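Peer 1: Numbering (the UniProt record's numbering), first residue to last: 1 to 292.
From the three backbone atoms N, C-alpha and C, an ideal C-beta is built for every residue, glycine too.
Owing to the predicted nature of the structure, the values given are computational and were not obtained by experimental measurement.
(1) Whose C-alpha, out of 267, 249 and 190, is nearest the C-alpha of residue 239?
(2) Out of 63, 264 and 187, state which residue places its alpha-carbon closest to the alpha-carbon of residue 205.
(3) By Cβ distance below 7 Å, which residues in the same chain neighbour residue 261 in space, the five residues on each side in sequence not counted?
(4) So the candidates are 235, 15 and 249; which of them puts its Cα closest to the Cα of residue 224?
(5) Name, in chain order, the residues that DSSP records as bridge partners for residue 36.
(6) Residue 62: which of 173, 179, 93 and 86 sits nearest, CA to CA?
(7) Rounded to whole angstroms, how far is the Cβ of residue 57 from the Cβ of residue 89, which I believe are closer than 8 Å?
(8) Would residue 160 pass as a contact of residue 144 if the rule is Cβ separation under 8 Å?
(9) With DSSP collapsed to three states, give me the class of residue 16.
(10) Give the DSSP bridge partners of residue 258, in chain order.
(11) Buried or exposed: which applies to residue 193, given that a residue is buried once 16 or more other Cβ atoms fall within 10 Å of its Cβ?
(12) Do you know offhand how far residue 282's Cα is from residue 259's?
(13) Output the distance between the C-alpha atoms of residue 119 and residue 101, rounded to the nearest integer angstrom.
(14) Between the segment 19-32 and the segment 266-278, do three or more beta carbon pairs fall short of 8 Å?
(15) Kindly list the residues whose CB is nearer than 7 Å to the CB of residue 6, restricted to its own chain and excluding five residues on each side of it in sequence; keep chain order.
(16) Find the nearest neighbour of residue 318 within the set 236, 235 and 228, judged by alpha-carbon distance.
(17) For residue 55, which residues of its own chain have a beta-carbon under 6 Å away from its beta-carbon, when the five flanking residues on both sides are left out?
(18) Residue range of the beta strand (DSSP E) that residue 94 falls in?
(19) Could you name the residues of the same chain whose beta carbon sits closer than 6 Å to that of residue 69, not counting the 5 residues immediately before and after it, in chain order?
(20) Where does residue 276 land, buried or exposed, given buried means 16+ other C-beta within 10 angstroms?
(21) Taking Cβ to Cβ, would you say residue 156 is nearer than 8 Å to residue 177?
(22) Output needed for residue 114: all residues of its chain with C-beta closer than 8 Å, excluding positions within five of it in sequence on either side, in chain order.
(23) Assuming residue 162 and residue 150 form a contact by the criterion Cβ under 8 Å, report the distance between their Cβ atoms to the nearest whole angstrom.
(24) Per DSSP, which one or two residues make a beta bridge with residue 219?
(25) Let me know the beta strand (DSSP E) ranges lying completely inside the segment 80-156, each 3 residues or longer, listed in chain order.
(26) Between residue 230 and the rest of its own chain, which residues show a CB-CB distance below 8 Å, the 5 nearest in sequence each way excluded?
(27) Taking its Cβ as the centre, do 16 or more other Cβ atoms sit within 10 Å of residue 134, making it buried, or is it exposed?
(28) May I ask you to report which of helix, strand or coil DSSP gives residue 281?
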């Protein structure tokens, strides 16, 4: 007998469409949701006019709502690319609140895709953002991107997608640790996929959370663009291909809680904005071996 826990999502419903009020269709891709001190939700994300043009993604969308399901109010872009800072694009923001301010981590590329920049901007109000004066936090390859930051014990952990070597190799979920959100340690690997490559891979958009004593890793696209696999482990620093416990039809998924309930998002090129669905972590059940 094999015991397995399956993570599932309910029906998705659109909560935010960046095309509203625009003469053309726009998309939101990798994004982040954070609540301010008053409890109001803020959405930040890659945005661009359709069709997809990832290397011309040079601004972060910003919208606000009192509830996850909206209505969402559109605001001016939160951040725009700064060529003088070495940025060639703006990808995959992730925002956390700590030390009386907000920290936005994001991938900013650079001339060398084997040493892509991971950058930081801070804000006290989630509207005005200031880049770290000293430059990128660190560089990694190939096209290292999609940062996500979690609190694990007495330290911060940044997960992001990369490759096993700077010039390519296995697609991995890498991580680094910090005590202050500014200074980050050496790279370690939390997950290595059998698939190999350089550019976009199947370990994008990593999201790690703890629930009921277990650690869960969400990554995708797997196997298609709108597909996220879920892995479970007893450690936040070690996930394996055999740890898969769910598959959700979502792209660039983020997981949030509101009123004690779990929710998962989906967005991406040609997806019409940001979608939201309830997320469930069912109790374990037993699969009985079929006699042969």
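Peer 2: Well, looking at it:
(1) Against the chain shown, residue 239 aligns to sequence position 239. The option with the nearest alpha carbon to residue 239 is 190.
(2) Position 205 of the chain shown, counted from the first residue, corresponds to residue 205. The candidate whose alpha carbon is nearest that of residue 205 is 264.
(3) Taking the chain shown and counting its residues from 1, the one referred to as residue 261 is at position 261. Within the same chain, residue 261 has close Cβ partners 278.
(4) Locating residue 224 in the chain shown gives position 224, counting from the first residue. Per the Cα distances, 249.
(5) In the chain shown, residue 36 corresponds to position 36, counting from 1. Paired residue(s): none; residue 36 is not in a bridge.
(6) The sequence position of residue 62 within the chain shown is 62, counting from 1. Nearest option by C-alpha distance: 93.
(7) Taking the first residue of the chain shown as 1, we reach residue 57 at position 57. Taking the first residue of the chain shown as 1, we reach residue 89 at position 89. That belief holds up - the Cβ atoms of residue 57 and residue 89 are roughly 5 Å apart, short of 8 Å.
(8) In the chain shown, the residue the question calls residue 160 occupies position 160. In the chain shown, the residue the question calls residue 144 occupies position 144. In this structure, residue 160 places its C-beta atom within 8 Å of the C-beta atom of residue 144.
(9) Residue 16 sits at position 16 when you count from the first residue of the chain shown. The answer is strand: DSSP assigns residue 16 an E or B state.
(10) Residue numbering aside, residue 258 sits at position 258 when the chain shown is read from its first letter. In DSSP, residue 258 forms a bridge with 261.
(11) Stepping through the chain shown from its first residue, residue 193 is reached at position 193. Result: buried.
(12) On the chain shown, residue 282 is found 282 positions in, with the first residue counted as 1. On the chain shown, residue 259 is found 259 positions in, with the first residue counted as 1. A straight line joining the alpha-carbon of residue 282 with that of residue 259 spans about 18 Å.
(13) As a first step, residue 119 is located in the chain shown; it is residue number 119 there, counting from the start. As a first step, residue 101 is located in the chain shown; it is residue number 101 there, counting from the start. Computed Cα separation, rounded: 16 Å.
(14) Contact between the segment 19-32 and the segment 266-278 is present, because at least three Cβ pairs lie under 8 Å.
(15) In the chain shown, the residue the question calls residue 6 occupies position 6. The answer, listed in chain order, is 245, 246 and 282.
(16) No statement about residue 318 is possible, as the shown extent of the chain runs from 1 to 292 and does not include it.
(17) Position 55 of the chain shown, counting from 1, holds the residue named residue 55. If we look at residue 55 and ignore the five residues flanking it on each side, its Cβ neighbours are 89.
(18) Looking up residue 94 in the chain shown gives position 94. Residues 91-98.
(19) Walking along the chain shown from the start, residue 69 turns up at place 69. Listed in chain order, the non-local C-beta contacts of residue 69 below 6 Å within the same chain comprise 15, local neighbours out to five positions each way being set aside.
(20) Residue numbering aside, residue 276 sits at position 276 when the chain shown is read from its first letter. Classification of residue 276: buried, given that the 10 Å Cβ count is 16 or more.
(21) Position 156 of the chain shown, counting from 1, holds the residue named residue 156. Position 177 of the chain shown, counting from 1, holds the residue named residue 177. Cβ atoms of residue 156 and residue 177: closer than 8 Å.
(22) What you label residue 114 is simply residue 114 of the chain shown in a count that begins at 1. 141, 142, 166 and 167.
(23) Position 162 of the chain shown, counted from the start, is the residue given in the question as residue 162. Position 150 of the chain shown, counted from the start, is the residue given in the question as residue 150. At roughly 17 Å, the Cβ-Cβ gap does not stay under 8 Å, so residue 162 and residue 150 are not in contact.
(24) For the purposes of this step, residue 219 is taken as residue 219 along the chain shown, with counting starting at 1. DSSP output for residue 219 lists 229 as bridge partner(s).
(25) You should have 91-98, 101-109, 116-123, 138-140 and 145-152.
(26) If you number the chain shown from 1, residue 230 lands on position 230. These residues qualify, in order along the chain: 7, 216, 217, 218, 244, 245, 246, 247 and 248.
(27) For the purposes of this step, residue 134 is taken as the residue at position 134 of the chain shown. Note on residue 134: under 16 other CB atoms within 10 angstroms of its CB, so exposed under the neighbour-count rule.
(28) Residue mapping note: residue 281 aligns to position 281 of the chain shown, counting from 1. Coil at residue 281, not helix or strand.
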